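Here the sequence shown stands for residues 1 to 201, where the numbers follow full-length UniProt numbering.
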Amino acid sequence: MKLDPFYLIVDSAAWVRRLVPLGVKLVQLRIKDMDEVPLREEIREAREICARHQCQLIVNDYWHIAIEEACDFVHLGQEDLADADLDAIRAHGLKLGVSTHDDAELDTALAAKPDYVALGPVYPTILKKMKWAPQGVQKIATWKARVGDLPLVAIGGLRPERLPGVFANGADSAAVVTDITLNPNPEARTREWLAATAKWR
1 MKLDPFYLIV DSAAWVRRLV PLGVKLVQLR IKDMDEVPLR EEIREAREIC
51 ARHQCQLIVN DYWHIAIEEA CDFVHLGQED LADADLDAIR AHGLKLGVST
101 HDDAELDTAL AAKPDYVALG PVYPTILKKM KWAPQGVQKI ATWKARVGDL
151 PLVAIGGLRP ERLPGVFANG ADSAAVVTDI TLNPNPEART REWLAATAKW
201 R
């Protein structure tokens with residue numbers, strides 16, 4: 001499986017509606033702490049927008065809703081992975097991505113036979129408090145040697161100017177959140193990311 005090198009992560013269907021039409025081909029919908037009814041509406045809207053624009057939607061955490069809403073890709077953190085019904089996810093044909101931060105988590109992720117593994121944070125990040133220090137691009141090379149042909153997603157503190165080092169060390173895709181969503185002009189910044197990752201498509 002090949003992932004687009006530009007992996008956008010947003011927290012609402014409104015962001016999907018705003019940025020996917022610019023040419024984004026891979027987006028994760030990462031919503032925290034929302035009641036189920038509005039959450040389903042967000043997922044449905046994001047799915048419909050992505051379908052119109054040939055963009056791959058990845059649903060974060062809510063694997064059971066992803067199954068029920070006919071989505072085809074989920075991403076799980078380590079805690080969610082421990083609680084997930086992997087047999088049900090596979091039985092419904094969903095692809096699976098898993099977050100990792102250290103060797104033990106990578107072992108756990110690989111045991112789940114995911115379709116990709118994410119490593120972070122590569123650089124300091126303001127997205128959330130992390131108990132892990134920034135890994136650095138050298139860790140990407142170490143992780144890639146372990147995962148082999150499995151796609152590797154780098155996340156954490158990434159900006160367009162840091163992408164050459166990220167990809168040179170073996171990452172297949174670069175995930176971004178705040179560099180776009182907190183930018184004064186998210187559309188312009190998204191276009192910069194699209195241009196910066198074009199050579200790795």
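Think of the CB as a built atom: it goes at the ideal place given N, C-alpha and C, for glycine as much as any other residue.
Just so it is clear, the structure is predicted and the values come from calculations on it, not from any experiment.
Taking C-beta atoms under 8 Å as the contact rule, Leu-194 and Asp-172 fail to qualify, at a distance of about 17 Å. Annotated three-state conformation of Thr-100 is strand, per DSSP. Contact annotation: the region 60-73 touches the region 87-94, with at least three C-beta pairs closer than 8 Å.
With respect to the 7 Å criterion, Lys-25 and Asp-4 are classified as neighbours on the basis of their beta carbons. When the beta-carbon positions are compared, Leu-150 and Ala-112 stay at least 7 Å from each other. According to DSSP, residue pairing for Ala-118 in a beta bridge involves Ser-99, Val-153. Sequence-distant partners of Ser-99 (beyond 5 residues in either direction) whose C-beta falls short of 6 Å from its own C-beta, in its chain, are Gly-77, Ala-118. Under DSSP, Asn-60 takes part in a beta bridge, and its partners are His-75. Under DSSP, Val-16 takes part in no beta bridge, so it has no partner.
C-alpha of Arg-47 to C-alpha of Leu-57: approximately 6 Å in a straight line.
Val-37 is classed as exposed because its beta carbon has fewer than 16 other beta carbons within 10 Å across all chains shown. Counting along the chain, Leu-8 sits inside the beta strand (DSSP E) bounded by residues 6-10. For Val-24, no alpha helix (DSSP H) run applies, since DSSP gives it neither H nor E.
If you look at Val-177, you'll find it isn't in any alpha helix (DSSP H); DSSP assigns it neither H nor E.
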